[in-house]
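Enquirer:
There are 2 protein chains.
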Amino acid sequence: MKTCKMSVLGFGVAGKAFARILLANREQMIKDKGVEPIVISITTGSRGCLYNPDGLDLAEAVRQLEEEGKFNPEYKDYAVLDSMTVAETIDYDVLLELTPLNIFTGQPAADHIRTALKRGKHAVSANKGPLAWYYKELKDLAKANSCCFFFETTVMAGVPIFDMADSSMQYCKVDKIEGILNATTNFILKEMGKGTSYEDTLKMGRERGFLEADPSMDTDGWDATAKLTVLMNVLMDANLTPDKVDRTGISGVTPEEIKAAAERGNIIKLMCRGSKNADGTITAKVAPEEVPANNSFANDELVAVVSIYTDLLGKLDIMQYGLETSVTGYGVFIDVCRVLDWMSVR
Amino acid sequence: MKTCKMSVLGFGVAGKAFARILLANREQMIKDKGVEPIVISITTGSRGCLYNPDGLDLAEAVRQLEEEGKFNPEYKDYAVLDSMTVAETIDYDVLLELTPLNIFTGQPAADHIRTALKRGKHAVSANKGPLAWYYKELKDLAKANSCCFFFETTVMAGVPIFDMADSSMQYCKVDKIEGILNATTNFILKEMGKGTSYEDTLKMGRERGFLEADPSMDTDGWDATAKLTVLMNVLMDANLTPDKVDRTGISGVTPEEIKAAAERGNIIKLMCRGSKNADGTITAKVAPEEVPANNSFANDELVAVVSIYTDLLGKLDIMQYGLETSVTGYGVFIDVCRVLDWMSVR
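Written as structure tokens, this is what we have:
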């Protein structure tokens, strides 16, 4: 039996959700693919690390984090490791880059992936940074080393945009993308539409646990910008970086503007727009926009939506409603499935 | 260089659109995949057949049909053949089943595909019939013979539903599907909403060329029923046949009902609904329904839409807007791409 040895960098929401899906489907995957997926290391920033070259007990790893808040230093597989050392030295088949995002540099995640690919190892990234800043370089590196490089989780979590583009939209040209890609600003604008002030909305979101102490990555449009950049790099070969996107956040949107828009039958959304111009240049913009209330983009139940304009398939919309953590974990899981599929026939 | 030899059964709108896309991308495909796709036979019901074991001139084949209305009996590769003889005897790698649909039996298309798979040949079907009537048998046969069996075109043309389910939604369970799957009834109901009578709408559709002389397959709900059956068979393992679907067409819908619905803020659409019940049984229904006008399903620009309810990804919507013939040809093309991908690593 072939094995697929995984080293996991970062083990937050996505990592734990991935582990649960993997544990639930592991036996069937082995039957289907003839490859046994095993996790050999998990590194975290502040909750310790685990390492066992023969495979960790993944259920036990999840249990320790959930019940004890960190890995137990007395546990037999406890190890003192850091992510770069793992990327450089451990004998994994796939590196799973799940560390926290640095939206302004894509580092150190990009270096982790670069190291793995240069060693001829596959890489899976749930981290948008490396894709937003170094997509072309990393893609070329993966190709040159005959490695898989998957990143489904980076936009719309596990909703299959990139696998679809790669597998099901071959030779289709994309010339325009429109989307609403950030769930936090959706929530804030929706609450403000009910008359709540911007400050009170932030407070409520923090109390409910889905706004960070500093939500500026969302409210300033950086998260949406990074996602638009990744979409355009992958689907349109845009070779774009986030700093080149014309970006306006939502912190300037007032309840009065939302009310005035509603009187015109419109709803304000943080829209992402990217297109290829006739001269080959590209335009990329993230900004609040009025959307007609009867437009499918205005649907309040939506978590995210993307419209893809193509030459051969016309226009397609893909809409995401699920916000469960399983959706994020599934993105990592499906990337791992695709690596196993790759390994199973080679 | 490996070759992938294709025998094409039926060469109407889908076949010609497929040929155009293949011709436009052929050189790049050979570079990318290291497999050369060649068409070795084309059979039609009434426009003659072509056969050359070394490969036909596909551009010339398309030209003859478009300019002369049929294959030229004097042409060097003209042949007297029938589809079943091709399926049974010719040395192809992939059989492309593009013959006209028999919605009540799935034949003779199912026999063509069965024959190919039993011979260990790959099969691509743009014909819904075999999928609606014999999906499980054909899928098992393909698996037992290690063959590809793809059919992207059968629902929402080339919009990647089945490849997505197969590749990007692995181990995800689907427990409900909702959709508007038939473009013709969309058109008729929309026109009737403007006050046109049912009879005048049919007349207009025929004059514009997108309604058949007998549109009853669409208006009686058979086309939508076959598509719902295929979706449920593939995504939900429903093992359903079209005769088991609770089916009501739109011929009973009156302008008065449409007007009354509009006064309630609703639009009438031919809805398809399929679900798995708690006891493991399934429910499948096609019928006209009132949809709130502000619902994304009510969008008049839509050609088709499907909502997929899953355990791990929550709910997803996929919306198709493009009605160009390229969308249909692309479904066949992407299935062929996937066969080439399969061959390229084996």
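Chains S and E are the protein sequences, given in the same order.
Anchor point for the first sequence: position 237 equals 237 in my numbering, and the numbering is continuous, going up by one each time.
Anchor point for the second sequence: position 41 equals 41 in my numbering, and the numbering is continuous, going up by one each time.
Where is the CB? At the ideal position from N, CA and C, for every residue including glycine.
(1) Would you call the CB atoms of A132 of chain E and P255 of chain E closer than 7 angstroms?
(2) Chain E partners of A293 of chain S, CB-CB under 8 angstroms?
(3) Against R346 of chain E, what residues of chain S qualify as contacts under a CB-to-CB distance less than 8 angstroms, listed in chain order?
(4) From what residue to what residue does the alpha helix (DSSP H) around D218 of chain E run?
(5) With DSSP as the reference, please indicate the residues paired to E137 of chain E in a beta bridge.
(6) Please report the residue range of the beta strand (DSSP E) in which K16 of chain S lies.
(7) Starting from P288 of chain E, trace the beta strand (DSSP E) both ways and give me its first and last residue.
(8) Pick helix, strand or coil for C337 of chain E, following the three-state DSSP scheme.
(9) Between the Cα of K176 of chain S and those of S:G329, S:L240 and S:K315, spot the shortest distance and give me the residue it belongs to.
(10) Have a look at S:R26, S:L98 and S:K118 and flag the residue whose alpha-carbon is nearest the alpha-carbon of E88 of chain S.
(11) Please check if any C-beta of chain E sits within less than 7 angstroms of the C-beta of I267 of chain S.
(12) For chain E, check one thing: does any of its Cβ atoms lie closer than 7 angstroms to the Cβ of E324 of chain S?
(13) Who are the neighbours of C148 of chain S on chain E, taking C-beta pairs under 9 angstroms?
(14) In chain S, which residues lie with their C-beta within 9 angstroms of the C-beta of I30 of chain E?
(15) Taking 8 angstroms as the threshold, find out whether the stretch 319-334 of chain E comes into contact with the stretch 139-159 of chain E through three or more Cβ pairs.
(16) Here's a check: name, in chain order, each residue in its chain whose Cβ is nearer than 7 angstroms to the Cβ of C172 of chain S, leaving out the five neighbours to either side.
(17) Please confirm whether any heavy atom of the ligand ZN lies closer than 6 angstroms to the CB of A278 of chain S.
(18) Which residues in the same chain have their Cβ closer than 8 angstroms to the Cβ of V245 of chain S, if we skip the five residues on either side of it in sequence?
(19) Kindly list, in the order they appear in chain S, the residues whose Cβ is closer than 7 angstroms to that of Q64 of chain E.
(20) What residues from chain E crowd round L131 of chain S, counting only those whose CB sits closer than 7 angstroms?
(21) Counting only runs that start and end within the stretch 103-169 of chain E, where is the beta strand (DSSP E) found for 3 or more residues in a row?
(22) Are at least three pairs of beta-carbons, each pair with one atom in the stretch 7-22 of chain E and one in the stretch 189-197 of chain E, less than 8 angstroms apart?
(23) Within the same chain, show all residues whose beta-carbon is closer than 7 angstroms to that of S344 of chain E, passing over the 5 residues directly before and after it, in chain order.
(24) For a contact meaning CB atoms closer than 8 angstroms, what does C337 of chain S contact in chain E?
(25) Where do the ends of the beta strand (DSSP E) carrying V305 of chain E lie?
(26) Beta-carbon within less than 8 angstroms of N277 of chain E's beta-carbon, same chain only, minus the 5 sequence neighbours each way: which residues are those?
(27) Under three-state DSSP, which class holds S197 of chain S?
(28) With a cut-off of 7 angstroms, does the C-beta of P37 of chain S fall near any C-beta of chain E?
(29) How about G158 of chain S: is its C-beta nearer than 7 angstroms to some C-beta of chain E?
(30) Looking at chain S, is there any beta carbon in it that lies within less than 7 angstroms of the beta carbon of S125 of chain E?
(31) Would you give the residue range spanned by the beta strand (DSSP E) that I267 of chain S belongs to?
(32) Just to check my reading of the structure: T248 of chain E and T219 of chain E have Cβ atoms closer than 8 angstroms, yes? What is that Cβ distance to the nearest angstrom?
(33) Cα separation between F18 of chain E and L235 of chain E?
(34) Strictly below 9 angstroms CB to CB, what residues from chain E border V327 of chain S?
(35) Quick one: is D220 of chain E near chain S, going by C-beta distance under 7 angstroms?
(36) At a Cβ threshold of 7 angstroms, is D317 of chain E touching chain S?
Expert: So, from the data block:
(1) The residue labelled residue 132 of chain E in the question sits at position 132 within the second sequence. The residue labelled residue 255 of chain E in the question sits at position 255 within the second sequence. P255 of chain E is positioned such that its CB atom lies no closer than 7 angstroms to that of A132 of chain E.
(2) Residue numbering aside, residue 293 of chain S sits at position 293 when the first sequence is read from its first letter. Within 8 angstroms Cβ-Cβ: N294.
(3) Taking the first residue of the second sequence as 1, we reach residue 346 of chain E at position 346. Proximity of chain S to R346 of chain E at the Cβ level (cut-off 8 angstroms) is accounted for by V345, in chain order.
(4) Taking the second sequence and counting its residues from 1, the one referred to as residue 218 of chain E is at position 218. Note, D218 of chain E: alpha helix (DSSP H), S216 to T219.
(5) Indexing the second sequence from 1 puts residue 137 of chain E at position 137. The partner list for E137 of chain E (beta bridge, DSSP) is empty, contrary to what the question assumes.
(6) For the purposes of this step, residue 16 of chain S is taken as the residue at position 16 of the first sequence. From DSSP, K16 of chain S is part of no beta strand (DSSP E) but of the alpha helix (DSSP H) over V13 to K33.
(7) The sequence position of residue 288 of chain E within the second sequence is 288, counting from 1. I282 to P292 is the span of the beta strand (DSSP E), which, as asked, contains P288 of chain E.
(8) As a first step, residue 337 of chain E must be located in the second sequence, where it is residue number 337. C337 of chain E carries a helical assignment under DSSP once its states are collapsed to helix, strand and coil.
(9) To locate residue 176 of chain S, count along the first sequence from 1; it is residue 176. When only C-alpha atoms are compared, the closest one is S:K315.
(10) Sequence index remark: in the first sequence, residue 88 of chain S carries index 88 (1-based). Considering only alpha carbons, the answer is S:K118.
(11) As a working mapping, residue 267 of chain S is identified with position 267 in the first sequence. So no, I267 of chain S is outside the interface.
(12) Position 324 of the first sequence holds residue 324 of chain S. It does; some Cβ of chain E falls within 7 angstroms.
(13) Residue 148 of chain S sits at position 148 when you count from the first residue of the first sequence. Neighbourhood of C148 of chain S in chain E, by CB distance below 9 angstroms: empty, with the nearest CB roughly 13 angstroms away.
(14) In the second sequence, counting from the first residue as 1, residue 30 of chain E sits at position 30. Residues of chain S whose Cβ lies closer than 9 angstroms to the Cβ of I30 of chain E do not exist; the shortest such Cβ separation is about 12 angstroms.
(15) Under the three-pair Cβ rule at 8 angstroms, the stretch 319-334 of chain E counts as touching the stretch 139-159 of chain E.
(16) By 1-based counting over the first sequence, the position of residue 172 of chain S is 172. Taken in chain order, the residues that qualify are T310, D311, L312 and L313.
(17) Questions concerning the ligand ZN fall outside what the structure shown contains, since it holds no ligand whatsoever.
(18) Residue 245 of chain S sits at position 245 when you count from the first residue of the first sequence. Excluding residues within five positions, the ones whose Cβ falls inside 8 angstroms are T225, L228, T229, A284, K285 and V286.
(19) As a first step, residue 64 of chain E is located in the second sequence; it is residue number 64 there, counting from the start. The premise fails here: Q64 of chain E is roughly 24 angstroms from chain S at the closest Cβ pair, so nothing lies under 7 angstroms.
(20) By one-based count along the first sequence, residue 131 of chain S stands at place 131. Those within 7 angstroms of L131 of chain S in chain E number zero; the least Cβ separation is about 18 angstroms.
(21) Segments of the beta strand (DSSP E) lying fully in the stretch 103-169 of chain E: 122-125.
(22) Too few Cβ pairs lie closer than 8 angstroms, so no.
(23) Numbered from 1 along the second sequence, position 344 holds the residue referred to as residue 344 of chain E. Closer than 7 angstroms at the Cβ level, and outside the excluded window around S344 of chain E, lie K33, G34 and V35.
(24) Taking the first residue of the first sequence as 1, we reach residue 337 of chain S at position 337. Per Cβ cutoff of 8 angstroms: Q170 and Y171.
(25) Within the second sequence, numbered from 1, the residue matching residue 305 of chain E stands at position 305. Per DSSP, the unbroken beta strand (DSSP E) holding V305 of chain E starts and ends at A304 to T310.
(26) If you number the second sequence from 1, residue 277 of chain E lands on position 277. If we look at N277 of chain E and ignore the five residues flanking it on each side, its Cβ neighbours are T283.
(27) By one-based count along the first sequence, residue 197 of chain S stands at place 197. S197 of chain S falls in the coil class under three-state DSSP.
(28) As a position in the first sequence, residue 37 of chain S is number 37, starting the count at 1. Among the residues facing chain E, P37 of chain S is not included, as its CB has no counterpart in that chain under 7 angstroms away.
(29) Sequence index remark: in the first sequence, residue 158 of chain S carries index 158 (1-based). Answer yes: the Cβ-Cβ gap between G158 of chain S and chain E drops below 7 angstroms somewhere.
(30) Counting from 1 along the second sequence, the entry for residue 125 of chain E is found at position 125. Cβ-Cβ to chain S under 7 angstroms: no for S125 of chain E.
(31) For the purposes of this step, residue 267 of chain S is taken as residue 267 along the first sequence, with counting starting at 1. That run of the beta strand (DSSP E) goes N266 to K276.
(32) Counting from 1 along the second sequence, the entry for residue 248 of chain E is found at position 248. Counting from 1 along the second sequence, the entry for residue 219 of chain E is found at position 219. Not confirmed; about 11 angstroms, so no contact.
(33) One-based indexing of the second sequence puts residue 18 of chain E at position 18. One-based indexing of the second sequence puts residue 235 of chain E at position 235. Computed Cα separation, rounded: 25 angstroms.
(34) Numbered from its first residue, the first sequence carries residue 327 of chain S at position 327. Below the 9 angstroms Cβ cutoff, chain E contributes L312, L313 and G314 as neighbours of V327 of chain S, in chain order.
(35) Along the second sequence, one-based indexing puts residue 220 of chain E at 220. Judged by the 7 angstroms Cβ criterion, D220 of chain E is not in contact with chain S.
(36) If you number the second sequence from 1, residue 317 of chain E lands on position 317. Chain S contact via Cβ: present.
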